[in-house]
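If you're matching positions, the sequence shown starts at 0 in numbering that gives the first Met the number 0 and goes up one per residue.
Glycine included, C-beta positions come from ideal geometry on N, C-alpha and C.
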Amino acid sequence: MDVICQAKSGMGKTAVFVLSTLQQIEPSPGQVIALVLCHTRELAYQICHEFERFSTYLPDIKVAVFYGGVNIKVHKDLLKNECPHIVVGTPGRILALTRDKDLSLKNVRHFILDECDKMLESLDMRRDVQEIFKMTPHDKQVMMFSATLSKEIRPPMEIYVDDEAKLTLHGLVQHYIKLSEMEKNRKLNDLLDALDFNQVVIFVKSVNRAAELNKLLVECNFPSICIHSGMSQEERLTRYKGFKEGHKRILVATDLVGRGIDIERVNIVINYDMPDSADTYLHRVGRAGRFGTKGLAITFVSSASDSDVLNQVQERFEVDIKELPEQIDTSTYSMFPFVVH
């Protein structure tokens with residue numbers, strides 16, 4: 000049965016297809032049985048890790064991950080030495096390996112797209128996915144997953160989790176702050192001093208702003224680190240793992256981190272810059288309150304266009320986002336009360 004699954008961020012979509020695939024798979028030597036495609040290297044790395052974690056007691060099942068930024072010869076050598084049963088990767092690298100005949104997809108029985116809307120919205124990535132799809136057998140299961148699905152890519156069969164398509168994030172308190180661009184840094188400092196957080200992710204709109212804001216926070220003695228597309232793949236993964244393991248409590252990031260990245264300790268997301276769409280907002284704030292836990296999302300509103308996006312979010316997801324009050328009940332998102340001055 001082919002499936003498209005739409006569910007709120009943090010509700011376990013990855014576990015659904017990982018466990019489903021592992022339950023069904025019948026590994027054969029030298030054959031790729033399952034293929035998982037996603038749109039970023041970080042997400043590919045994380046999905047591969049989840050397969051490895053859940054298959055700890057399935058020693059016969061081999062998993063491998065392939066993405067750009069790594070010398071393709073490394074991947075080709077890996078495939079020559081031991082063909083994995085489950086392949087996770089980004090479309091560009093998977094397509095390159097198949098075109099060079101290093102990776103065969105003729106035995107694939109499970110074809111999975113994670114964050115499928117992001118891949119199908121990009122014309123180049125969509126073409127890569129379509130070409131890869133044609134290399135797989137007709138008789139296979141197709142599974143597509145995302146928190147947001149446009150009408151154009153919704154097939155007849157849909158699985159909705161909770162109240163149809165209204166993806167209000169349970170356990171997530173959402174507020175906004177109206178301020179000028181010049182006031183953002185001072186307000187952010189005040190919030191980080193006042194809020195009770197395990198870990199916090201701060202989203203900005205560009206690589207330069209991520210680097211500059213992180214530099215400012217470090218100079219103010221905040222335990223901050225940043226991740227953005229201007230870094231090498233190795234550096235991004237190292238920083239991601241360090242944050243996930245709790246070595247730093249504040250992460251400044253671009254939308255590279257906005258989709259599918261699971262860090263359980265994050266209970267606050269701050270939109271330093273307003274996202275460009277309601278969908279992006281949903282994916283960003285979904286970094287807090289993962290797996291049904293409590294969380295807080297605060298969005299800075301500094302222009303008319305920011306207000307427009309905020310209105311779109313409220314209309315589309317039927318939520319009422321109020322201005323951040325001077326006092327907020329910390330029990331709604333954490334353990335200890337605080338006052339925002």
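Measuring C-alpha to C-alpha distances from A277 to each of V107, T329, V318 and T20 identifies V318 as the nearest. The residues H74, V86, G88, R92, I93 and L96, in chain order, have a CB closer than 7 Å to that of F65 in the same chain once the five nearest residues on each side in sequence are set aside.
As a beta-bridge residue in DSSP terms, D113 pairs with F144. Secondary-structure assignment with DSSP links V62 through a beta bridge to I85. Note on E41: 16 or more other CB atoms within 10 angstroms of its CB, so buried under the neighbour-count rule. Here the alpha carbon of F53 sits roughly 17 Å from the alpha carbon of H109. Sequence-distant Cβ neighbours of Q30 in its own chain, meaning closer than 6 Å and more than five residues away, are N106. Around the beta carbon of L36, 16 or more other beta carbons lie within 10 angstroms, which makes this residue buried.
Each residue's CA atom was taken as its position, placing V308 and V15 some 31 Å apart. DSSP places F299 in the uninterrupted beta strand (DSSP E) bounded by G294 to V300. Between D1 and P26, the beta carbon gap of about 22 Å keeps them out of contact (Cβ cut-off 8 Å).
Cβ-Cβ distances below 6 Å link R248 to Q198 and P222 in the same chain, with the five nearest sequence neighbours on each side left out; the list follows chain order. Here the C-alpha atom of E81 lies approximately 15 Å from the C-alpha atom of K100. Residue state for I46 is assigned as helix, using DSSP reduced to three classes. DSSP places K79 within a helical segment (H, G or I) once states are collapsed to three. In this structure, I267 sits near A287, with a CB-CB distance shorter than 7 Å. Sequence-distant Cβ neighbours of K204 in its own chain, meaning closer than 6 Å and more than five residues away, are D272.
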